[in-house]
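Structure record follows, encoded as structure tokens.
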Amino acid sequence: MILAPLRGVTIRCFRRTFATEIAEAGFDEAVTPFITATGEYDPLSDRELKGGEFIRITPQFIGKDPLVLRRCLERIKGAGFVTADLNAGCPFPMVRRKGRGSGLLRTPDVLERMLETGCEVMGDGNFSLKTRLGVERADELLGLMPLLNRFPLRFVVVHARTARQMYDGDCDLRAFKAIKEVAAMPVVYNGDVALPAEGSVMVGRGFVRALGERDDADTLVMRYVEASVQELFGERSVLGRIKELVSYWKEIPKWRRRWNLVKIASTLDELRLAVGV
Ligand SMILES: Cc1cc2nc3c(=O)[nH]c(=O)nc-3n(C[C@H](O)[C@H](O)[C@H](O)COP(=O)(O)O)c2cc1C
6 MILAPLRGVT IRCFRRTFAT EIAEAGFDEA VTPFITATGE YDPLSDRELK
56 GGEFIRITPQ FIGKDPLVLR RCLERIKGAG FVTADLNAGC PFPMVRRKGR
106 GSGLLRTPDV LERMLETGCE VMGDGNFSLK TRLGVERADE LLGLMPLLNR
156 FPLRFVVVHA RTARQMYDGD CDLRAFKAIK EVAAMPVVYN GDVALPAEGS
206 VMVGRGFVRA LGERDDADTL VMRYVEASVQ ELFGERSVLG RIKELVSYWK
256 EIPKWRRRWN LVKIASTLDE LRLAVGV
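The numbering used here numbers the first residue of the sequence shown as 6 and each following residue consecutively.
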């Protein structure tokens, strides 16, 4: 079971702070929220890759330039990372229109060169792809499977939605099955999986929500506050991070009222009062 990349949420500080809970839930690996593969950016300077983790980490990159991807992958490989992942699923129109994230599904020639580069640098069976069923239609990825099948990919994670759907609406299990049937590599299911889960799945929001269901959720929040204070400058950034986490719990009865207070907290003292510890 793989912990999904949720930018701003399942970040390194989260993974370190909740390492026990992550392990207990049955995760054996985490894919990092995307790291941008553009320009001269050094992936090793990214906070995501600073180490000190208790779970196997697969760095994820977003980009469309094979040469830049190559440089990034060589850097992380040199630092000891064995696996890496390419983001071909990010649905945001700004990203997609520039041909990154899910936009790669519409530029097969670029996707092909990115996969070629990834497999070549990381080696057979060490590079993976995280994607969606398509941009507008649920059969677009299916049409690309002959291309994907040519590469010795570690696996393909398929979020069973189109980019147009963003994060809502039903997942399309039939379209997912159609991909699995023709895939030459392992296919990992992703989308709305609740815990406990088993098998080859990637879980994101379901795990974050499950943390909020716990009796000790309030102490978990305060643990995250302490860890974030160590890492970030200023209360404002810490508050932003914590609010992002607690926003996943707003439908949980015990947190509904607390969330209303948490979201307006403007200092850490107010936050502590709102959380009730
Ligand atoms: C806030 C947020 C941030 C996300 N960031 C990333 C990301 O950096 N890379 C990526 O591949 N997917 C990202 N995703 C998509 C998730 O990894 C996952 O595919 C999606 O949430 C569906 O799985 P879930 O229902 O288990 O959460 C993000 C999703 C959300 C809600």
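Note that beta-carbon positions come from the ideal geometry of N, C-alpha and C, so glycine has one too.
Closer than 8 Å: residue i CB and nearest ligand 1 heavy atom
i	result
Lys135	yes
Asp223	no
Leu244	no
Gly128	no
Asn154	no
Asp197	yes
Met119	no
Val208	yes
Arg12	yes
Gly94	yes
Phe39	yes
Ile67	yes
Ala9	yes
Val140	no
Residue of the options minimising C-alpha distance to residue i
i	options	result
Arg169	Gly44, Arg17, Val100, Gly217	Val100
Ile257	Glu275, Leu278, Asp223	Asp223
Thr167	Phe19, Leu138, Glu58, Val161	Leu138
Lys82	Arg142, Glu125, Arg21	Glu125
Tyr229	Met6, Pro10, Ile7, Val14	Val14
Gly128	Gly104, Phe156, Glu275, Leu152	Phe156
Val163	Asp173, Pro151, Gly174, Leu178	Leu178
Glu34	Thr43, Gly44, Arg21	Arg21
Asp220	Ala143, Arg210, Lys259	Lys259
Thr37	Asp274, Leu134, Glu121	Leu134
Pro71	Thr88, Gly104, Gly245	Gly104
Asp274	Asp47, Gly108, Glu231	Glu231
Gly123	Asn154, Gly174, Cys77, Phe181	Cys77
Pro151	Ala143, Glu117, Asp175	Glu117
Gly57	Val213, Ile16, Glu141, Leu276	Ile16
Val140	Arg210, Val161, Pro98	Pro98
Extent of the continuous alpha helix (DSSP H) run through residue i
i	result
Tyr229	222 to 236
Asn265	258 to 267
Leu78	71 to 83
Val185	Note that residue 185 is Lys in the sequence shown, not Val. Counting along the chain, the alpha helix (DSSP H) containing Lys185 begins and ends at 178 to 187.
Ile247	240 to 251
Val280	273 to 280
Val193	Not the alpha helix (DSSP H): Val193 falls in the beta strand (DSSP E), residues 192 to 195.
Assumed close pair residue i, residue j - CB separation to whole angstroms, cut-off 8 Å
i	j	result
Val286	Val208	What is shown of the chain runs 6 to 282, which leaves residue 286 out entirely.
Leu158	Met190	4 Å
Val115	Lys185	Not quite, the Cβ-Cβ distance comes to about 25 Å (not below 8 Å), so this is no contact.
Lys248	Val226	Going by Cβ atoms, the distance from Lys248 to Val226 rounds to 10 Å, so no, they are not a contact pair.
Trp254	Gly217	3 Å
Ala165	Ala180	7 Å
Test item: CB-CB of residue i and residue j under 9 Å
i	j	result
Gly106	Pro96	yes
Glu79	Pro64	no
Ala188	Ala30	no
Val243	Val251	no
Thr136	Ala93	yes
Leu149	Leu110	yes
Ile62	Phe86	yes
Ile67	Thr25	no
Ala9	Asn131	no
Ile7	Phe59	no
Cys18	Glu240	no
Arg261	Gly281	no
Leu120	Leu91	yes
Residue-chain proximity (residue i, chain B), Cβ-Cβ < 9 Å
i	result
Asn92	Judged by its chain identifiers, the structure shown contains no chain B, having just a single protein chain.
Enclosing beta strand (DSSP E) for residue i [first to last residue]
i	result
Ala93	89 to 93
Ala35	34 to 36
Arg166	161 to 167
Met150	Met150 -> not in any beta strand (DSSP E); alpha helix (DSSP H) instead, spanning 145 to 153.
Thr122	From DSSP, Thr122 is part of no beta strand (DSSP E) but of the alpha helix (DSSP H) over 113 to 127.
Thr136	132 to 139
Ile67	65 to 67
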